[in-house]
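Numbering (the numbering used here), first residue to last: 1447 to 1772.
Glycine included, C-beta positions come from ideal geometry on N, C-alpha and C.
Since the structure comes first, as structure tokens, the remarks are kept for the end.
What follows is the structure in structure tokens.
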């Protein structure tokens, strides 16, 4: 049997080595490493997909145009959880299996969510800038986390990790997740509420749900106006969940006290995204929720194992478009 050619389109080097490259080569694959860019932007790059059997993929776009250049492609193993840039219908039609790596980054993303929350509530970034400027010190007054109610919109693997951290800080936690097991959420010590009830109760709203057609711009002007005055928004999920123009307005007029954002609609931010992250009451990071050594290594190995399993005749562990399976 011909050796399968697998493209690794993400930078997955750790301590001078690539665990996914090693895994694939030891399993008998030809592993090629080349970063394709978010949209396979040039013809030369797209042409290289013609003789590729599988891809360990970053956040590239997989649509009809991409697949038209990839006649041999049989699996896209996402190095991450979200797949909003993958056209599942087109992949299924083309017979391409799509997998992801849930759970691998949950602790890392939850840690960052609390890092953003602490930076906002205790004014860490503002105080740091004031101290470094050499001006007159006017330490801002913050709040104790145990005095705040945390509202989670979505409570999957990452949300569950957030709940555990909230308990350690003594926070009251409420959850809205119509897709989750209600009894499981209650067993975590959380109260289950409607979205409207959550927005009225929570001092901090944190987003932990995928970006889909139904959830796009869930956080719009109406959502934001329903939040408590002086509350905070945390988003470590996807920028497209938020109507950024509406969020800018809510932050500028003082209805929201602050926002902690690890993702924007456009990354790197331009236009309204740039305006949003530049606001003084916003703490922003550059989509680094999974950027820990442990999380990245787990993601790489799980994605690589999906490729190995698929070409060995086994069903990969986390297939997203299950309709493609026999």
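- In the same chain as residue 1653, and ignoring 5 residues on each side of it, the C-beta atoms closer than 6 Å to its own belong to 1599, 1681, 1683, 1687, in chain order.
- The C-beta distance from residue 1644 to residue 1622 rounds to 5 Å, short enough to meet the 8 Å contact threshold.
- The bridge partners DSSP lists for residue 1663 come to none.
- The stretch 1461–1516 contains, as complete beta strand (DSSP E) runs of 3+ residues, the segments 1476–1479, 1500–1503 (chain order).
- The three-state secondary structure of residue 1612, taken from DSSP, is helix.
- No Cβ-Cβ contact shorter than 9 Å links residue 1521 with residue 1726.
- Distance check between residue 1456 and each of 1747, 1474, 1463, 1481 places 1481 closest, using alpha-carbon atoms only.
- Residue ranges of uninterrupted alpha helix (DSSP H) with 4 or more members, entirely inside the stretch 1600–1653 and ordered along the chain, are 1603–1614, 1628–1633, 1641–1647.
- Each of 1674, 1496, 1650 was checked against the Cα of residue 1514, and the nearest Cα belongs to 1496.
- Per the C-alpha coordinates, the member of 1661, 1588, 1452, 1722 positioned closest to residue 1708 is 1722.
- Boundaries for residue 1683: no beta strand (DSSP E) harbours it, and the DSSP string shows neither H nor E there.
- Along the stretch 1532–1568, the beta strand (DSSP E) occurs as fully enclosed runs of 3 or more residues at 1543–1545, listed in sequence order.
- Sequence-distant partners of residue 1672 (beyond 5 residues in either direction) whose C-beta falls short of 6 Å from its own C-beta, in its chain, are 1645.
- Apart from the 5 residues on each side of it in sequence, residue 1560 sits with its Cβ closer than 7 Å to the Cβ of 1611 in its chain, given in chain order.
- Taking C-alpha positions only, residue 1648 is separated from residue 1459 by approximately 40 Å.
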